[in-house]
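Since the structure comes first, as structure tokens, the remarks are kept for the end.
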Amino acid sequence: MADTRRGLDWSAARTWVRSGGPSGIRGRELRPALASVIPGRIVSSSSPGSTSDGHPTLTAADVTHLARLARLEITATERDVYVDQLSVILDSVAVVSAAAAAEPDIEPTSHAVPLINVYRDDVVRAGLDRDAALAAAPAAQDGRFRVPQILGEEQ
Amino acid sequence: MTSPVAPPSSGADDLTRRTAADLAAAIASGEVSAVEVTQAHLDRIKAVDADVHAFLHVSGESALEQAQAVDRARAAGEPAASPLAGVPLALKDIVTQQGVPTTAGSRILEGWIPPYSATVTRKLLDAGVVIVGKTNLDEFAMGSSTENSAYGPTRNPWDLTRIPGGSGGGSAAALAAFEAPLAIGTDTGGSIRQPAAVTGTVGAKPTYGGVSRYGVIALASSLDQVGPCARTVLDTALLHEAIAGHDRLDSTSIEDFAPRVVDAVHRGTTDGVRGLRIGVVKELSGEGYQPGVLESFTTAVRTLQDAGAEIVEVSCPNFEYALATYYLILPSECSSNLARFDAMRYGLRVTTDAAGAALVSAEEVMSATRGQGFGAEVKRRIILGTYALSAGYYDAYYGSAQKVRTLIKRDFERAYARADVLISPASPVTAFPLGEKVDDPMAMYLNDLATIPGSLAGIPAMSVPSGLASDTGLPVGLQIMGPALGEERIYQVAAAFEAAYAAQHGGLVPDLAPELEVAAR
Chain A
1096 MADTRRGLDW SAARTWVRSG GPSGIRGREL RPALASVIPG RIVSSSSPGS
1146 TSDGHPTLTA ADVTHLARLA RLEITATERD VYVDQLSVIL DSVAVVSAAA
1196 AAEPDIEPTS HAVPLINVYR DDVVRAGLDR DAALAAAPAA QDGRFRVPQI
1246 LGEEQ
Chain B
5 MTSPVAPPSS GADDLTRRTA ADLAAAIASG EVSAVEVTQA HLDRIKAVDA
55 DVHAFLHVSG ESALEQAQAV DRARAAGEPA ASPLAGVPLA LKDIVTQQGV
105 PTTAGSRILE GWIPPYSATV TRKLLDAGVV IVGKTNLDEF AMGSSTENSA
155 YGPTRNPWDL TRIPGGSGGG SAAALAAFEA PLAIGTDTGG SIRQPAAVTG
205 TVGAKPTYGG VSRYGVIALA SSLDQVGPCA RTVLDTALLH EAIAGHDRLD
255 STSIEDFAPR VVDAVHRGTT DGVRGLRIGV VKELSGEGYQ PGVLESFTTA
305 VRTLQDAGAE IVEVSCPNFE YALATYYLIL PSECSSNLAR FDAMRYGLRV
355 TTDAAGAALV SAEEVMSATR GQGFGAEVKR RIILGTYALS AGYYDAYYGS
405 AQKVRTLIKR DFERAYARAD VLISPASPVT AFPLGEKVDD PMAMYLNDLA
455 TIPGSLAGIP AMSVPSGLAS DTGLPVGLQI MGPALGEERI YQVAAAFEAA
505 YAAQHGGLVP DLAPELEVAA R
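As you go down the protein sequences, you meet chains A and B in turn. Count along the first sequence from 1, then add 1095; that gives the number in this note's numbering. Count along the second sequence from 1, then add 4; that gives the number in this note's numbering.
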């Protein structure tokens, strides 16, 4: 997997979408604009990495740190693959930040149909039965979930 | 509508070849029993699923019990519970069914038995639909080929060396292999439409909020939608009506929205598309699309034109950003949603490290469990999402992506001012060989090029077979997209197209699927 980056390329997609016409900002023309949109790397305090054209990119230390934040054990091999793959993905998605920055007054969308917050009447209703909830637990004791130690020695 | 032509090697009395509408009518009239119909499909699964691997779990016993209940009700003179009573259905294994294992295609949920049923499952059972099993999918619905399933890939019934699409490849393959006439899928970026396209079946993604997601394991909550899959447009519409509707248990569910899609199908079959304006999206064809797919699409456009539609070209320039926007929103939301798999309350718990030493703290157990329980694509997206949501990056990534969604939505709104529905190919390519893209995430992501814009805008969209590609001989899907709440329009156009195709070809695409070897098992 050493050469993963070569296969990871959205250029075909970018080319065809760019052929759609000259409206708005496009592809690689955005690169200079990105520096002002994406802040410097803050994920880890080690020396910043970047691609040849000045994009923020990920280091092995970043991936290790992110995996730890996500409580996700990964092997050294996985880490190295992800460093390459995620850097390329991040490079490809950077156009989004610039496109959004080009239209600063735009509102975000999260739903196709406008919704307001949903409430129900404040009445007592039966929930999931305790034994049913505990039936799938990896470990249970005295009607409760049994979990590993949560606090460290010093706490 | 022209009747499908039965393939030469299967008798007209083969129950697995019939449509859901036809089977329901036969059961209601007493021509066959629901038990006979269910047994025929269970036999078919037994005969072909070792090769296809559409199912992760077959619920033979409970399916026959459900069928018996339908037969008993009929014998007692009760009216049918629904227009689909007694018809078998394959349920994507990300939708919970009480008492039946649900894995989401992941090791982390291996052996988990949900203590409750999804609203969709409950509605199906109330409608007398018979759930024959749970279908394979990419782990937590992340993928376009089912190769990310922890339990091995599903194979495309059209060519067992090729992918059935994803993430709902199991549901689509079950239909194409005649293992069930109905299936449930979920669509976040194309997981209903792309598998439908590459297996020659029909699949619809409703308007976001149109079908309850309660009890469906969440991937990306601002995108996920449950939808119906079948081999005909009418069957898809019947299933759509059975599952749609407001649910107080899903806060994103739309109130007072019950599209009459079955009526729309009848309208499409009788009145066609005369007077409708159909927009061809300029940005959803051309480079990146397989020649055979484009050829089939061009023929489909001509068919719709001949059927009386006015064809207009529309441009959606911001679709350029759709794929990149999606790959910021999806990892962000999934990294948050998948935090619930913490080894504490249900699912896998790993308590020793690689050397066999006991793990002490909850954090160590969590980390080891997630490391072993999740596959490569899931981990990749969790890490990417964790990055995109981290302090200082949120505005540049997730925040920007939600804004670009607005730009894409506006493109759609402008297009719908000129056209009643929009069309494009549903998948840029026909089914590709297993293993071809599995190590190349970006190449895999490109499979959802045509379906993602509709997902981001939350609009309804479906894939209906447009024929076989001349270069590969494999099925091609026509995507039909409507404005938000525009389900009836897309079903009308889909039904009109299907009828025109059947009139031209003397049958439907699923009937052309190769016979699977069923002997000597």
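Virtual Cβ for every residue (Gly too), placed ideally from N, Cα, C. Because the structure is a prediction, the values reported are computed rather than measured.
How many angstroms separate the CA atom of residue i from the CA atom of residue j?
i, j, result
"residue 417 of chain B", "residue 487 of chain B", "8 Å"
"residue 161 of chain B", "residue 1242 of chain A", "45 Å"
"residue 321 of chain B", "residue 287 of chain B", "7 Å"
"residue 316 of chain B", "residue 467 of chain B", "20 Å"
"residue 453 of chain B", "residue 114 of chain B", "32 Å"
"residue 97 of chain B", "residue 176 of chain B", "13 Å"
"residue 332 of chain B", "residue 190 of chain B", "20 Å"
"residue 135 of chain B", "residue 90 of chain B", "10 Å"
"residue 23 of chain B", "residue 236 of chain B", "7 Å"
"residue 83 of chain B", "residue 497 of chain B", "32 Å"
"residue 47 of chain B", "residue 1215 of chain A", "46 Å"
"residue 1239 of chain A", "residue 1227 of chain A", "12 Å"
"residue 603 of chain B", "residue 334 of chain B", "Lying outside 5 to 525, the shown extent of chain B, residue 603 of chain B is not represented and no answer is given."
"residue 514 of chain B", "residue 239 of chain B", "13 Å"
"residue 293 of chain B", "residue 309 of chain B", "22 Å"
"residue 434 of chain B", "residue 143 of chain B", "22 Å"
"residue 1175 of chain A", "residue 1153 of chain A", "11 Å"
"residue 172 of chain B", "residue 139 of chain B", "8 Å"
"residue 455 of chain B", "residue 208 of chain B", "11 Å"
So which residues on chain A does residue i lean against when the C-beta distance must stay under 8 Å?
i, result
"residue 340 of chain B", "Neighbours of residue 340 of chain B on chain A: none; closest Cβ ~10 Å, over 8 Å."
"residue 350 of chain B", "1231, 1232, 1233"
"residue 370 of chain B", "1166"
Mapping the DSSP letters down to three states, classify residue i as helix, strand or coil.
i, result
"residue 102 of chain B", "coil"
"residue 356 of chain B", "strand"
"residue 314 of chain B", "strand"
"residue 416 of chain B", "helix"
"residue 477 of chain B", "coil"
"residue 1204 of chain A", "coil"
"residue 61 of chain B", "strand"
"residue 1240 of chain A", "strand"
"residue 242 of chain B", "helix"
"residue 226 of chain B", "coil"
"residue 307 of chain B", "helix"
"residue 186 of chain B", "strand"
"residue 232 of chain B", "strand"
"residue 408 of chain B", "helix"
"residue 528 of chain B", "Absent from the structure is residue 528 of chain B, since the part of chain B shown begins at 5 and ends at 525."
From the DSSP output, which residues share a beta bridge with residue i?
i, result
"residue 160 of chain B", "B:163"
"residue 338 of chain B", "Per DSSP, none; premise fails for residue 338 of chain B."
"residue 96 of chain B", "B:139"
"residue 146 of chain B", "DSSP lists no partner for residue 146 of chain B."
"residue 1160 of chain A", "In DSSP, residue 1160 of chain A forms no bridge with anything."
"residue 469 of chain B", "B:481"
"residue 209 of chain B", "B:465"
"residue 282 of chain B", "B:315, B:425"
"residue 134 of chain B", "B:92"
"residue 434 of chain B", "According to DSSP, which records beta bridges pairwise, residue 434 of chain B is partnered with nothing at all."
"residue 215 of chain B", "B:248"
Can you name the residues of chain B whose CB is closer than 7 Å to the CB of residue i?
i, result
"residue 1230 of chain A", "119"
"residue 1180 of chain A", "384, 445"
"residue 1227 of chain A", "119"
What does residue i touch in chain B if you count any residue whose Cβ is under 8 Å from its own?
i, result
"residue 1211 of chain A", "The premise fails here: residue 1211 of chain A is roughly 10 Å from chain B at the closest Cβ pair, so nothing lies under 8 Å."
"residue 1247 of chain A", "365"
"residue 1244 of chain A", "364, 365, 366"
"residue 1215 of chain A", "252"
Output, in chain order, the set of chain B residues within a Cβ distance shorter than 9 Å of residue i.
i, result
"residue 1171 of chain A", "Per Cβ cutoff of 9 Å: no residues; residue 1171 of chain A is ~12 Å from chain B at best."
Name, please, each residue of chain A whose Cβ falls closer than 9 Å to the Cβ of residue i.
i, result
"residue 96 of chain B", "Those do not exist, as residue 96 of chain B stays about 20 Å from chain A at its closest Cβ, beyond 9 Å."
In chain A, which residues lie with their C-beta within 7 Å of the C-beta of residue i?
i, result
"residue 309 of chain B", "Within chain A, no residue comes near residue 309 of chain B; the closest Cβ sits about 23 Å away, beyond 7 Å."
"residue 408 of chain B", "1191, 1194, 1195"
"residue 281 of chain B", "Per Cβ cutoff of 7 Å: no residues; residue 281 of chain B is ~21 Å from chain A at best."
"residue 258 of chain B", "1208"
Across the stretch 389-408 of chain B and the stretch 440-447 of chain B, are there enough close Cβ pairs to call them in contact, namely three or more that are closer than 8 Å? These segments do not touch.
Touching by the beta-carbon criterion (3+ pairs, under 8 Å), the stretch 255-272 of chain B and the stretch 491-506 of chain B: A contact exists between the stretch 255-272 of chain B and the stretch 491-506 of chain B.
Would you check if the stretch 220-231 of chain B and the stretch 64-78 of chain B touch, i.e. whether three or more CB-CB distances between them fall below 8 Å? Note that the stretch 64-78 of chain B does not touch the stretch 220-231 of chain B; fewer than 3 beta-carbon pairs, one per stretch, sit closer than 8 Å.
Are the stretch 406-413 of chain B and the stretch 1188-1207 of chain A touching, with three or more C-beta to C-beta distances below 8 Å? They touch, by the three-pair rule.
Give a yes or no on contact between the stretch 149-164 of chain B and the stretch 384-396 of chain B, applying the rule of three or more CB pairs nearer than 8 Å. As far as the Cβ criterion goes, the stretch 149-164 of chain B does not touch the stretch 384-396 of chain B, which means the pair count is below three.
Would you call the stretch 236-256 of chain B and the stretch 285-305 of chain B touching, i.e. three or more CB-CB distances under 8 Å? Judged by Cβ distances under 8 Å, the stretch 236-256 of chain B makes no contact with the stretch 285-305 of chain B, as fewer than three pairs qualify.
Using a Cβ distance threshold of 8 Å, determine whether the stretch 21-37 of chain B contacts the stretch 99-109 of chain B, with at least three qualifying pairs required. No contact exists between the stretch 21-37 of chain B and the stretch 99-109 of chain B.
Determine contact between the stretch 1178-1197 of chain A and the stretch 323-330 of chain B, defined as no fewer than three beta-carbon pairs at a distance below 8 Å. Contact between the stretch 1178-1197 of chain A and the stretch 323-330 of chain B is present: 3 or more CB-CB pairs across the two stretches fall below 8 Å.
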